[in-house]
Every structure is written in C-alpha cells, then in structure tokens.
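Protein chains in written order, with the numbering used here: chain D, 16 to 127; chain V, 437 to 553.
For glycine and all other residues, C-beta sits at the position ideal for the given N, C-alpha and C.
What follows is a set of notes on a single structure, which appears directly below.
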C-alpha cells in the first residue's frame, strides 16, 4: 500500500522558533509537494520538488523554505514561525501531472 | 491564470438523495481534472481523474464526474448519498500550457458535504 508519512500530527511552537516539518514517501516518486490548508481557501501550494536538490516555488512561498536531500524525503522549514503560519500542512507525492498525488495525514501547526 | 471554482462551500443532502457538487475551471487548454475527498482528520485521497480519455469518469465509492468542455465544468455526482460520504470534497486542475503539463495542481476551495439521516 502506498504511503506518505508526516513527522507529526500536531505541533505547537512559539513565535520566532525554527520549525521543521518532515515528509517521507515510499513510492519512489519524482515529485513532492507541500501545501497549506486553511478554511475557505482550500489547499495552496507552498513549494514543490521535481528531483533531489531541485525545488520550485509555489503560490505562497514567503516565510518558508524546503530541503530535499534524498528522493524519499521532503522537508518544509519555517525559519522564524509567525502566528499567521498557524495552519494545516499537507505533504504529497506524485509521478507527473496526470498521476494521482498521494497525501500524508497532515500536520496541524499552531504558532503561539 | 488558470483556476478552479467550486460553487457552494456547504452542501447538505438526505441519505439516499442525489449528490451534485459543482466545479468549473478556467483554462485555454483543456487541463487534467481531479476530484479528491478528505474525511475528518485525514489527508486527501483521489476519487477520480480526467486525463483527456473518456469524458464520463467513474471513481471510487460510486462517484462519477463528466467533463464538459463547452461548459468548462467537471461536476461530481453520486446517485444515492450514504452517511459515510460526509466529507470535504476538492476539485483540482493540473494546468496545461502549450509546452505541456506543469506537474502542479490548483485546488478549489472545497465543498463540505453533510448527509442527513
């Protein structure tokens, strides 16, 4: 069974902290994605990666960075967390644009 | 810019009734289209997808959607709602440009489906 796992389901951090969200997929997919999900706004793409060490900005990259050192792992980094980054973060992986994107269960991040 | 619009953020139906969730897209080049479902406290999972083959697409759990180019629509239907269908549904478009696929998805804002007993 295909699987995308995220390091935490719930996370509480303080303003200014550096936050790491980890995502691992076991399907050998080329593409990996980070989205944030907010009520009434749907899912918005933060960053995606189409190969190891390759990344591209999505629609809302400000305040975030990413790292992909290995094919199966894609990390989202909040350099200095702010309260407006309180959200649900979803990781996904997929082969190409016609392929299904497989989603992890999400990390609900609260920044106090 | 290519986009997708879901009409109705909340839809309520009775158990056994028809489910119709609306999705319209804007794209000058016919895109790939997807419907995903999110059950409470879970990630998204694919219901069905259109990738320029048959215009009527059948998915899991009895759902289907029809691609209508003239109406730029991809509405999701199910003949008879079940309590377990209560979830949030997202329409998504994989934008195409004249160079080909872009490997990204643009999501609608979601429709929360409630099923009344």
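Could you name the residues of chain D that residue i contacts, counting a contact when the two beta carbons are closer than 8 angstroms?
i, result
"residue 545 of chain V", "55, 56, 57"
"residue 445 of chain V", "55"
"residue 526 of chain V", "57, 58"
According to DSSP, simplified to helix, strand and coil, what is residue i?
i, result
"residue 24 of chain D", "coil"
"residue 41 of chain D", "coil"
"residue 66 of chain D", "strand"
"residue 498 of chain V", "helix"
"residue 505 of chain V", "helix"
"residue 53 of chain D", "strand"
"residue 487 of chain V", "coil"
"residue 98 of chain D", "helix"
"residue 125 of chain D", "strand"
"residue 513 of chain V", "strand"
When you compare only the Cα positions, how much space is there between residue i and residue j?
i, j, result
"residue 101 of chain D", "residue 53 of chain D", "9 angstroms"
"residue 534 of chain V", "residue 462 of chain V", "Annotation note: pLDDT 48 at residue 534 of chain V (below 50); position unreliable, coordinate value reported separately. Their Cα atoms are separated by approximately 15 angstroms."
"residue 442 of chain V", "residue 547 of chain V", "7 angstroms"
"residue 83 of chain D", "residue 484 of chain V", "29 angstroms"
"residue 527 of chain V", "residue 544 of chain V", "5 angstroms"
"residue 518 of chain V", "residue 551 of chain V", "7 angstroms"
"residue 115 of chain D", "residue 482 of chain V", "7 angstroms"
"residue 438 of chain V", "residue 117 of chain D", "22 angstroms"
"residue 123 of chain D", "residue 59 of chain D", "15 angstroms"
"residue 97 of chain D", "residue 73 of chain D", "19 angstroms"
How would you list, in chain order, the residues of chain V whose beta-carbon sits under 8 angstroms from the beta-carbon of residue i?
i, result
"residue 105 of chain D", "479, 480"
In chain D, which residues lie with their C-beta within 9 angstroms of the C-beta of residue i?
i, result
"residue 494 of chain V", "Chain D residues near residue 494 of chain V: none, gap ~15 angstroms exceeds 9 angstroms."
"residue 503 of chain V", "Correct list: empty, because the minimum Cβ distance to chain D is about 14 angstroms."
"residue 514 of chain V", "Residues of chain D passing the Cβ test: none, with the nearest at roughly 20 angstroms."
In chain V, what lies closer than 9 angstroms to residue i by C-beta?
i, result
"residue 76 of chain D", "Those within 9 angstroms of residue 76 of chain D in chain V number zero; the least Cβ separation is about 13 angstroms."
What residues of chain V sit near residue i, judged by a beta carbon separation below 7 angstroms?
i, result
"residue 116 of chain D", "541"
"residue 63 of chain D", "540"
"residue 121 of chain D", "479"
Ends of the beta strand (DSSP E) at residue i?
i, result
"residue 31 of chain D", "Residue 31 of chain D -> no beta strand (DSSP E), and no H or E assigned at all."
"residue 472 of chain V", "468-474"
"residue 550 of chain V", "547-552"
"residue 520 of chain V", "Segment: none, residue 520 of chain V is in no beta strand (DSSP E) and carries neither H nor E."
"residue 84 of chain D", "79-85"
message: Could you check whether the segment 467-481 of chain V touches the segment 514-530 of chain V, counting it as contact only if at least three pairs of C-beta atoms, one from each stretch, sit closer than 8 angstroms?
response: Counting Cβ pairs under 8 angstroms, three or more are found: they touch.
With three or more beta-carbon pairs closer than 8 angstroms as the criterion, would you say the segment 77-87 of chain D touches the segment 441-458 of chain V? No, the segment 77-87 of chain D does not touch the segment 441-458 of chain V.
Counting pairs of Cβ atoms below 8 angstroms between the segment 97-111 of chain D and the segment 29-48 of chain D, do you hit three or more? At 8 angstroms Cβ cutoff, the stretches touch.
Is the segment 491-508 of chain V touching the segment 20-39 of chain D, taking contact as three or more C-beta pairs under 8 angstroms? Taking 8 angstroms as the limit for Cβ pairs, the verdict is that the segment 20-39 of chain D does not touch the segment 491-508 of chain V.
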